[in-house]
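In my numbering, the protein residues as written are 105 to 235.
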Amino acid sequence: MNFFRGAKVVTEGDSTRIVLENMGQVDVPPLYVERAREAAGKNLTFGLRPESLEDKALLPSESQNVSSIDATVDVVENLGSELLVYLTTGGKTILARLNPRSNAHVGGNLKLHVDNEHLHLFDTDTGLAYF
105 MNFFRGAKVV TEGDSTRIVL ENMGQVDVPP LYVERAREAA GKNLTFGLRP
155 ESLEDKALLP SESQNVSSID ATVDVVENLG SELLVYLTTG GKTILARLNP
205 RSNAHVGGNL KLHVDNEHLH LFDTDTGLAY F
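Here it is in structure tokens:
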């Protein structure tokens, strides 16, 4: 799992997001909004599995939301049925399992779509999982 320390919960009107400093932001789906708001202001770590990331360029525009992470590609391992891609974002190395049709290439920039139905948020100090 990719872990992002220093995550912040931001609520503006009806919209609640998790902001990852210098990396991007993720919309919190309705299922998790109440728990995310409970976590606001605490020392948080955001967790995201490699399979919850997609190359945003491969998605139809109507299925894209603001949940994205901008990253630079460091390593691409082509496994045939998938690509394992190591990327750097905000000074941190992360791993994504991408569709083999992705145009990910070493040194290139990639906008990753985050599947916001599979998010994990933890209290960094206590280890409590909010979701």
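Note that beta-carbon positions come from the ideal geometry of N, C-alpha and C, so glycine has one too.
Original post:
Of the choices L135, G117, S185, N207, whose alpha-carbon is the least far from that of V179?
Top reply: Taking the first residue of the sequence shown as position 1, residue 179 is located at position 75. Comparing Cα positions, the closest option is N207.
**OP:** Taking D174 and G212 to be in contact with their CB atoms under 8 Å, please state how far apart those CB atoms are, rounded to whole angstroms.
**Re:** The residue you call residue 174 lines up with position 70 of the sequence shown. The residue you call residue 212 lines up with position 108 of the sequence shown. No, D174 and G212 are not in contact; Cβ-Cβ is about 12 Å, not under 8 Å.
**OP:** Since I believe H224 is in contact with A233 (beta carbons under 8 Å), could you give me their beta-carbon distance rounded to a whole number of angstroms?
**Re:** Position 129 of the sequence shown holds residue 233. Position 120 of the sequence shown holds residue 224. 7 Å between Cβ atoms; contact.
Original post:
For P134, which of N220, D229, G151, E155 has the nearest alpha-carbon?
Top reply: What you label residue 134 is simply residue 30 of the sequence shown in a count that begins at 1. Taking only the C-alpha atoms, the option nearest P134 is N220.
Subject >> Endpoints, the alpha helix (DSSP H) within which L135 is located >> reply: Working through the sequence shown from its first residue, we reach residue 135 at position 31. Element bounds for L135: 134–143.
Subject >> Nearest neighbour of L187, chosen from E166, E158, G194, P164 [CA to CA] >> reply: Along the sequence shown, read from residue 1 onward, the residue named residue 187 stands at position 83. Selected option, being the one with the closest Cα: E158.
Original post:
Any heavy atom of the ligand NAP within a distance shorter than 7 Å of the CB on L232?
Top reply: For the ligand NAP, the structure offers nothing, since it holds no ligand at all.
**OP:** Would you check if the segment 138–147 and the segment 187–205 touch, i.e. whether three or more CB-CB distances between them fall below 8 Å?
**Re:** no
Original post:
Skipping 5 residues on each side, what residues in its chain have a beta carbon closer than 6 Å to that of V317?
Top reply: Coverage of the chain is limited to positions 105 through 235, which leaves residue 317 absent and any answer about it impossible.
Original post:
CB-CB under 6 Å to N147, same chain, minus the five flanking residues each way: which ones, in chain order?
Top reply: As a working note, residue 147 is residue 43 in the sequence shown. Hits under 6 Å: T228, D229.
Original post:
When we look at the beta-carbon of T192 and count the other beta-carbons within 10 Å, is it buried (16 or more) or exposed?
Top reply: The residue given as residue 192 occupies position 88 in the sequence shown. Looking at its Cβ environment, which holds fewer than 16 other Cβ atoms inside 10 Å, T192 is exposed.
Original post:
Do you know offhand how far F150's Cα is from F226's?
Top reply: Indexing the sequence shown from 1 puts residue 150 at position 46. Indexing the sequence shown from 1 puts residue 226 at position 122. Their backbone Cα atoms lie some 6 Å apart in a straight line.
Subject >> Unbroken stretches of the beta strand (DSSP E), 3 residues or longer, contained in the segment 172–226 >> reply: 172–182, 187–193, 196–202, 213–218
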